[in-house]
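What follows is one structure encoded as structure tokens, with my remarks underneath.
Protein chains: 2
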Amino acid sequence: MAVSMDDDVPLILTLDDSGSSASAPLDELDREELPNENGGSYDVVNDASSPTAGDCCAQQSSARHNWEMNYQEAAIYLQEGENNDKFFTHPKNAKALAAYLFAHNHLFYLMELSTALLLLLLSLCEAPAVPMLRLGIFVHATLELFALIVVVFELSMKMRWLGFQTFIRHKRTMVKTCVLFVQFIEAIVVLVRQTSHVRITRALRCIFLVDCRYCGAVRRNLRQIFQSLPPFIDILLLLLFFMVIFAILGFYLFSPNHSDPYFNTLENSLVNLFVLLTTSNFPDVMMPSYARNPWSCVFFIVYLSIELYFIMNLLLAVVFDTFNDIEKRKFKSLLLHKRTAIQHAYRLLVTKQRPSGISFKHFEGLLRFYKPRMCARERYLTFKALNQSNTPLVSLKDFYNFYEVVGLKWKAKRNREHWFDDLPRTAFLIFKGSTLFSWQHWFCYGLFPRFPDTVVAVNGIWILVETFMLQGGNFFSRNVPWSYIVFLTIYGVELLLKTTGLGPVEYLSSGWNLFDFSVTLFAFLGLMALAFNMEPFYFIVVLRPLQLLRLFKLKKRYRNVLDTMFELFPRMASLGLTLLIFYYCFAIVGMEFFAGVVYPNCCNTSTVADSYRWVNHTVGNKTVVEEGYYYLNNFDNILNSFVTLFELTVVNDWYIIMEGVTSQTTHWSRLYFMIFYIVTMVVMTIIVAFILDAFVFRMNYTRKNQDSEEDNGIVLEKEISKEEVIGIIELYKRISAATETAQLQKIVLQMDKYGQMSAVFLGRRSRTKSDLSMKMYEEEIQEWYEEHSRKEESQTPLQEPASASSSSLKPLSLRQRSQTVI
Amino acid sequence: MAVSMDDDVPLILTLDDSGSSASAPLDELDREELPNENGGSYDVVNDASSPTAGDCCAQQSSARHNWEMNYQEAAIYLQEGENNDKFFTHPKNAKALAAYLFAHNHLFYLMELSTALLLLLLSLCEAPAVPMLRLGIFVHATLELFALIVVVFELSMKMRWLGFQTFIRHKRTMVKTCVLFVQFIEAIVVLVRQTSHVRITRALRCIFLVDCRYCGAVRRNLRQIFQSLPPFIDILLLLLFFMVIFAILGFYLFSPNHSDPYFNTLENSLVNLFVLLTTSNFPDVMMPSYARNPWSCVFFIVYLSIELYFIMNLLLAVVFDTFNDIEKRKFKSLLLHKRTAIQHAYRLLVTKQRPSGISFKHFEGLLRFYKPRMCARERYLTFKALNQSNTPLVSLKDFYNFYEVVGLKWKAKRNREHWFDDLPRTAFLIFKGSTLFSWQHWFCYGLFPRFPDTVVAVNGIWILVETFMLQGGNFFSRNVPWSYIVFLTIYGVELLLKTTGLGPVEYLSSGWNLFDFSVTLFAFLGLMALAFNMEPFYFIVVLRPLQLLRLFKLKKRYRNVLDTMFELFPRMASLGLTLLIFYYCFAIVGMEFFAGVVYPNCCNTSTVADSYRWVNHTVGNKTVVEEGYYYLNNFDNILNSFVTLFELTVVNDWYIIMEGVTSQTTHWSRLYFMIFYIVTMVVMTIIVAFILDAFVFRMNYTRKNQDSEEDNGIVLEKEISKEEVIGIIELYKRISAATETAQLQKIVLQMDKYGQMSAVFLGRRSRTKSDLSMKMYEEEIQEWYEEHSRKEESQTPLQEPASASSSSLKPLSLRQRSQTVI
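Residue numbers (UniProt numbering), protein chains in the order written: chain A, 1 to 822; chain B, 1 to 822.
Structure below.
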């Protein structure tokens, strides 16, 4: 019995089990179809100390246990490969594994995220608080302490998993620890003194958010920003240098003109040229000197041409270039990292006797840990999709495609005519009838293929004309306009016809249909709101013009643009979040220094006094309010600060905000605004570079694959025969996995019902940037792989101990100690 | 004799000379070393009707003449290839040739250019004239008529050269003719009525400038702009579409607020969102609604995020992508056009007997027409550089490199120690002494390699501090500051040492040294101005800070940036000129409609009245002038219009100018400003795309050639032996070209002096974008060539008559008729 088990011994256990490997290799699938007396020992595994098992059984269950450990470790490797976690953070022993498993699930991640968000949101309630959300110092300080303690707990789990040595070496974690320490002390100080002091360090709270597992994209963005920084700074220096030269020149040229307030000192000259760089004060800064001597405009034209039109674009070019380069290198390193992860996992999954591949049994074991939610059918299909050869084993070469295949969603290929064939009889007949109608509808499409689009266009023009006719006032007090009802009816009918024709699932799987659906739904809700006079929902009616967006389906370029937009969306969102994190830091700093410094009529000594004016004077018998409004752009609470910072980002007239604040504080306040400008310039340039890169990349891609038809993602087709399914059922029965067996039996029943001997399944997933890159760099990738394997080979004598310590030696120790812990 | 001449009969004369080609092929160089009784018949060629030649001589001179014709036509082909002139404009007969030659020299080009400039500059003096340049209507209309008549003359020459058929088919020329016609009529009308009417057509005068030979780059830019337009317009529509949607939404949301003047009608809503797209009215447009409800900022943030940060960047991406694509296609078509031109020229230069290559004699004949200024030595070196094989003939394959080689400037490689070795004895000794000192200087550099840079840096800081200490007033009334003299002395000494060390020519051949030199010279002139109190030259002193630019030599990235800047300069200048042409059109239109509409205190009814205010009131005993200055941004004459248009290009606060003009005219004036915004947006986007493309291209190039050393252009080395030179002298003697012979003899003398048997020459030229592209697309170019030749081959049966008509038949007719004309 023990000998027959040898066949199933993991390769990397060879070191201690080397004596008992004498059995002849047998085809595993054949063997597994033999009745297996040990069926059910999988269940015992989690409780290895169970005293009921005999000696032989114990040995066998220990082998099983070893396998379970291997599956788990392989799954961890694959996860690390996917998340780009470095392998030196790989859990090294059973205690670490327990901590690792504890710290790597969505509950823990959610806790991390919510703690971070809580800490960030505290600034809504702290000292310069949003009026409605103001909390007592005791309350918010206690909340903060609580959140910080949770963070301490998270960090201690992380330390348990990483070990002290690795923990110390992990930079991000160390920074987090330091920040945590500082925050802790400050929170306690606040609690003790019962008053908030100047706490700029609150700006560092962002690091808790950045460190969240879910914010990996933000971390990548930040890394990319920092990597793009050196060339950026070089060009920035060039920019500042020219600015200084022109400031000196401007000072010499224009300071003799006493009516020119912009160049009367060198400092003013510098500040105004900095503002001029953003064009924010443009014609104004030129006007006094231009009025005196028309030729002085040459100075400004030359300055703007050099700084704004040349160097600023140069900045973009340099960042774009660096960005391109970084993207490619990142893709390369990610690809190679994944490859290494796959190699590690592979080594843990092959058996000692047949090191040429992974059998389904072990692959299934891996997937149970890697993707617990996957059903038995999908596991087998994934295995089949990976297995390019006809042998029952997946070789390393095939296994390299793991990440591409594992994401596929498998569905049986429909060989029925309609989606409602499975529904009960009455429903079937109703839908059948509506489909007949729907076919007429399609026919109608054939005659007037642009009919729905024409309706949308007419609707658009209608809305435009209708709105043009209105002259202010409250638009919602009247009755529901009949045009609204007519168009809504047409949309509703179209939606119904399409849904019945395609089936709700397929209908909603297209983004455009989803959009149609939601727009029509909103319009309907708007109608309801109008009909029942529910005022708070009027905003829905206002969204009506968004229907016009449908027109953009018509042209291929727009479809491309919008598709790219959707593809870019996650990345854009992460960039937006990155920007928000910068905003948060600056908002905190701004609030600490500038809260309450601007108010109506505050800046009468400055040149921008008009913008802050709020006069309420009487002309004749009418009260006229003269409002400059700019006092609204303040740092009085975090929401106001965000709006103010957005205004600073848009750049126009930002100097009014700057001058207002400066006139109420010191000259040094300008530094805050200038640094903010430069930081947002960096982030914005990177966003522009990103959009440029993504679009140019995609356009190149479409140009390269012009002949290949348009497809909506990756599709793979696999056929499985009844015998195969029955074979797998046997396998699952042996390990008494009841749910899996039931799932698979359903497939067999299905096949029997339709009298088929095999079923075809389609695997589908959307195309990612990585897929595009794979295709674009096809040739280079081969070179990278070769280079990588060459490097590995040449490093083998050196790296062997290291790789052994991370992949074969440590799992051993993990395995040895696991029995005592789990 | 006639038989021996056959050896030298052009290939493409085969058709009529086919009877007499029976002689055995002889090596031409050998033959030409035989004494040639017909030496000097070259001189007779230009006067073929000379009655002194006998029958035999006449036949021979007619053969010579044929050769001359062939040389000229080949040179024309090569010029057409270089200038990307289509071959259908190739002169077809002797009359056309005469006209072609007349219309293709710098005198004619200059005439074209000056006429066009005269016409453009006339707008300085016409109706809304610059005050100082105002001319009577009679004067400027006469001037205009004169210029137009010159244009008529130019066009008639062009028609003579092209022939009526081609002339009609040439679009640009036809448009020019129409514009000319209209201008003519209008000029006469003005003369007759003695008053200027609304002449918007003056905006079309630009076409005369665009059509100039020297403005080829502008034409290319315009073409590129028009080619980028379709995708641009697509995205623009998307932009405008979102604008309309948001305008409707904004109108619904904000028009109930009566204190919000920005959204009270749909038109205002649209206009303000258009302005918001340029961010020009940003926080202001939001303020009234923000004051009422803080959440209304969401509308503006969403609008700006979609329109400004997404779609505008998308616009850049699309233009950049199209631009990239167009650049590559343009490069390809230019390359293939040049190749075809070379093929045409080659066919005209090979002899009937030896169609495998061109001999030096014929190559020399070609160069005499193609580059008349080239000296004999350079002609031979070019020939040698082309000739890759060791045969005396240049094959077609070698001849393909013609354009790369012909631009090289040849210089003897110095084998002397110092540049002043050739100077008289005393001068030699002086320079020798200074060089010894200079070597010490270099040694000093070795010890303090950064010494001059440190001086510049110290000087920079000094200037900054000095300026910071000054507090307004007149800075030039004092004495010359001693620091000025100290630094100038250091720079002067450095300059002297470097010049003596390297020699003036080599010193000034480096751009950086040239820059150093001119900066030091300017500083010296400034010192003179200060010392002798010459006030008008004070501006030179002001330029002192520019010296700091030297610091940018230090870092490689800056050197790269600045080098690229210099490389880009011609192209940038042409883009700037293109922009100016658009400015001119808009300036004329603006002047016709808006001249004199804005003046101080003009726009009291508009929302921007403050900016146009000019109040002179007394507070206490002081007169306070409140000036809005914006009335200076008017269209009162063309110079003012240009400044105003520049302000509109910079975009900030452009709506103040727009609203000012609108309040004095009609709502439709806004169209002018909006169209101008869109046009400049197109041009600016293209400029950005161009800068991006150029820099990214160059950076890719440097990345690709990282290992190859930095070189300043293309360098080629060729050795020629004394025998070769003597051989060529013989050749020239035979055709009695005295100057060439003298030049070559000087080389022989030089060689004798130094006792050398051969001399080495270096050919050098700066690297152009085309060279970079050649290297970047290396592999693709081969494909293009193959594809091109395959296409030609497959088209041979079809194309033969066409190519024959353009390359072999037409030259024949040209030759047949030439004797009667020239």
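Cβ atoms here follow ideal geometry from the backbone N, Cα and C, with glycine treated the same way.
Next item on the list: Sort out for me which residues DSSP pairs residue 856 of chain B with in a bridge.
Entry: The requested residue 856 of chain B does not occur in the structure, where chain B is confined to residues 1 to 822.
Next item on the list: State the CB to CB distance for the pair A/LYS199 and A/GLU506, rounded to an integer number of angstroms; the pair is presumed to be in contact (CB under 8 Å).
Entry: Along the first sequence, one-based indexing puts residue 199 of chain A at 199. Along the first sequence, one-based indexing puts residue 506 of chain A at 506. Per the sequence shown, residue 199 of chain A should be read as Arg rather than Lys. The pair is not a contact, with the Cβ atoms about 55 Å apart (cut-off 8 Å).
Notebook entry, point to check: By DSSP, does A/THR666 sit in helix, in strand, or in coil?
Noted result: Along the first sequence, read from residue 1 onward, the residue named residue 666 of chain A stands at position 666. Looking at A/THR666 - three-state DSSP - the assignment turns out to be coil, as it is neither helix nor strand.
Next item on the list: Note down, in chain order, each residue of its chain lying with its Cβ closer than 6 Å to the Cβ of B/LYS411, except the 5 sequence neighbours on either side.
Entry: Against the second sequence, residue 411 of chain B aligns to sequence position 411. Only LEU762 meet the Cβ criterion.
Next item on the list: Please list the partners that A/TYR558 has in chain B, where partner means a Cβ-to-Cβ separation under 8 Å.
Entry: Here the question's residue 558 of chain A lines up with position 558 in the first sequence. Chain B residues near A/TYR558: ASP234 and LEU238.
Check: For B/SER721, does the three-state DSSP call read helix, strand or coil?
Finding: Taking the first residue of the second sequence as position 1, residue 721 of chain B is located at position 721. Residue state, collapsed to three classes: strand.
Checklist line | Rounded Cβ spacing between A/GLY81 and A/HIS337 (contact assumed at less than 8 Å) | finding: In the first sequence, the residue the question calls residue 81 of chain A occupies position 81. In the first sequence, the residue the question calls residue 337 of chain A occupies position 337. Right, the Cβ-Cβ distance comes to about 6 Å (below 8 Å), so this counts as a contact.
Item checked: Beta-carbon neighbours of A/PRO545, restricted to chain D and to distances below 7 Å -> In the structure shown, chain D does not exist; the protein chains are A and B.
Check: Looking only at DSSP bridge pairs, what is B/THR680 linked to?
Finding: Numbered from 1 along the second sequence, position 680 holds the residue referred to as residue 680 of chain B. Paired residue(s): none; B/THR680 is not in a bridge.
Next item on the list: Report buried or exposed for A/TRP295, applying the criterion of at least 16 other Cβ atoms within 10 angstroms of its Cβ.
Entry: Here residue 295 of chain A refers to the residue found at position 295 of the first sequence. Exposed, by the Cβ-count rule.
Next item on the list: Kindly say whether A/GLU647, judged by its beta-carbon, lies nearer than 7 Å to any beta-carbon of chain B.
Entry: Here residue 647 of chain A refers to the residue found at position 647 when the first sequence is read from its first residue. Yes, A/GLU647 counts as interfacial toward chain B.
Check: Taking contact to mean at least 3 C-beta pairs separated by less than 8 Å, is the stretch 98-115 of chain B in contact with the stretch 174-184 of chain B?
Finding: no
Next item on the list: Below 8 Å on the Cβ atoms is my guess for B/ASP771 versus A/PHE282; work out the distance and round it to an integer in Å.
Entry: Taking the second sequence and counting its residues from 1, one reaches residue 771 of chain B at position 771. Taking the first sequence and counting its residues from 1, one reaches residue 282 of chain A at position 282. No, B/ASP771 and A/PHE282 are not in contact; Cβ-Cβ is about 40 Å, not under 8 Å.
Next item on the list: Report all residues from its chain with a CB closer than 7 Å to the CB of B/TYR599; omit the five preceding and five following residues, and keep chain order.
Entry: To locate residue 599 of chain B, count along the second sequence from 1; it is residue 599. The residues are TYR631.
Check: Going along the chain, which residues of the stretch 649-665 of chain B sit with their C-beta nearer than 7 Å to a C-beta in chain A?
Finding: VAL650, VAL651, ASN652 and ASP653
Next item on the list: Counting only runs of 3+ residues fully inside the stretch 577-657 of chain B, write out the beta strand (DSSP E) ranges in chain order.
Entry: 614-619 and 622-627
Check: Going along chain B, which residues have a C-beta under 7 Å from A/MET699?
Finding: Here residue 699 of chain A refers to the residue found at position 699 when the first sequence is read from its first residue. Near A/MET699 (Cβ distances below 7 Å), the residues of chain B are ASP321.
Check: Mind listing which residues of the stretch 277-309 of chain A have their C-beta closer than 9 Å to chain B's C-betas, in chain order?
Finding: THR278, THR279, SER280, ASN281, PHE282, PRO283, ASP284, MET286, MET287, PRO288, TYR290, ALA291, PRO294, CYS297, PHE300, ILE301, LEU304, SER305, LEU308 and TYR309
Notebook entry, point to check: Can we say the stretch 566-576 of chain B touches the stretch 263-278 of chain A, given the rule of at least three CB pairs closer than 8 Å?
Noted result: no
Next item on the list: Just the C-alpha distance for A/PRO91 and A/LYS753, rounded to the nearest angstrom, thanks.
Entry: Within the first sequence, the letter at position 91 stands for residue 91 of chain A. Within the first sequence, the letter at position 753 stands for residue 753 of chain A. Cα to Cα, A/PRO91 sits roughly 49 Å from A/LYS753.
Note to self: I want to see whether chain A comes within less than 7 Å of B/MET317, judged by CB atoms only; does it?
What the structure shows: By 1-based counting over the second sequence, the position of residue 317 of chain B is 317. First, the residue type needs correcting, since residue 317 of chain B is Ala and not Met in the sequence shown. By this cut-off, B/ALA317 is an interface position.
Checklist line | Near-chain B residues of the stretch 453-469 of chain A - C-beta to any C-beta below 8 Å | finding: ILE463, LEU464, THR467 and PHE468
Item checked: Beta-carbon proximity of B/CYS206 to B/ILE581, cut-off 7 Å -> As a working mapping, residue 206 of chain B is identified with position 206 in the second sequence. As a working mapping, residue 581 of chain B is identified with position 581 in the second sequence. Against a cut-off of 7 Å, the Cβ pair of B/ILE581 and B/CYS206 comes out as a contact.
Next item on the list: Determine the closest residue to A/THR142 out of A/LEU645, A/LEU530 and A/VAL189, with distance taken between C-alpha atoms.
Entry: By 1-based counting over the first sequence, the position of residue 142 of chain A is 142. The candidate whose alpha carbon is nearest that of A/THR142 is A/VAL189.
Note to self: Can you tell me whether B/GLY763 is helix, strand or coil according to DSSP?
What the structure shows: Here the question's residue 763 of chain B lines up with position 763 in the second sequence. Strand, per DSSP.
Note to self: Check whether chain B comes within 7 Å of A/LEU527, counting only Cβ atoms and requiring the distance to be less than that.
What the structure shows: Translated into positions along the first sequence, residue 527 of chain A becomes position 527. Not an interface residue.
Next item on the list: Kindly indicate which three-state DSSP category A/ILE686 falls into: helix, strand or coil?
Entry: The residue given as residue 686 of chain A occupies position 686 in the first sequence. If DSSP states are grouped into helix, strand and coil, A/ILE686 belongs with the helices.
Next item on the list: Could you tell me the distance, in whole angstroms, from the CA atom of B/THR14 to the CA atom of B/ALA694?
Entry: Position 14 of the second sequence, counted from the first residue, corresponds to residue 14 of chain B. Position 694 of the second sequence, counted from the first residue, corresponds to residue 694 of chain B. Here the model assigns B/THR14 a pLDDT of 31, short of 50, so the residue's position is not dependable and the matter cannot be decided.
Checklist line | Sequence-distant residues of its chain with Cβ nearer than 6 Å to A/CYS603 (five each side left out) | finding: Position 603 of the first sequence, counting from 1, holds the residue named residue 603 of chain A. Closer than 6 Å at Cβ, skipping near neighbours: ALA609, TYR612, GLY660 and SER663.
Item checked: From A/ILE326, A/ALA385 and A/LEU304, residue whose alpha carbon lies closest to that of A/PHE226 -> To locate residue 226 of chain A, count along the first sequence from 1; it is residue 226. For the residues A/ILE326, A/ALA385 and A/LEU304, the minimum Cα distance to A/PHE226 belongs to A/ILE326.
Check: Using a beta-carbon distance below 7 Å, is B/ALA262 in contact with chain A?
Finding: Indexing the second sequence from 1 puts residue 262 of chain B at position 262. The sequence shown places Tyr at residue 262 of chain B, rather than the Ala named in the question. With 7 Å as the cut-off, B/TYR262 does not count as an interface residue toward chain A.
Next item on the list: Give every residue of the same chain whose Cβ lies closer than 6 Å to the Cβ of A/ALA99, excluding the five residues on either side of it in the sequence, and list them in chain order.
Entry: As a working note, residue 99 of chain A is residue 99 in the first sequence. Around A/ALA99: MET157, ARG160 and TRP161.
Checklist line | Three or more C-beta pairs below 8 Å linking the stretch 615-623 of chain A and the stretch 235-253 of chain B | finding: no
Notebook entry, point to check: For B/LYS352, does the three-state DSSP call read helix, strand or coil?
Noted result: Along the second sequence, read from residue 1 onward, the residue named residue 352 of chain B stands at position 352. Correct three-state label for B/LYS352: coil.
Notebook entry, point to check: Should B/LEU580 be flagged as near chain A, meaning a C-beta pair shorter than 7 Å?
Noted result: Position 580 of the second sequence holds residue 580 of chain B. No, its Cβ sits nowhere closer than 7 Å to a Cβ of chain A.
Next item on the list: Kindly identify the DSSP beta-bridge partner or partners of B/VAL394.
Entry: Here residue 394 of chain B refers to the residue found at position 394 when the second sequence is read from its first residue. Bridge partners of B/VAL394: B/ILE358.
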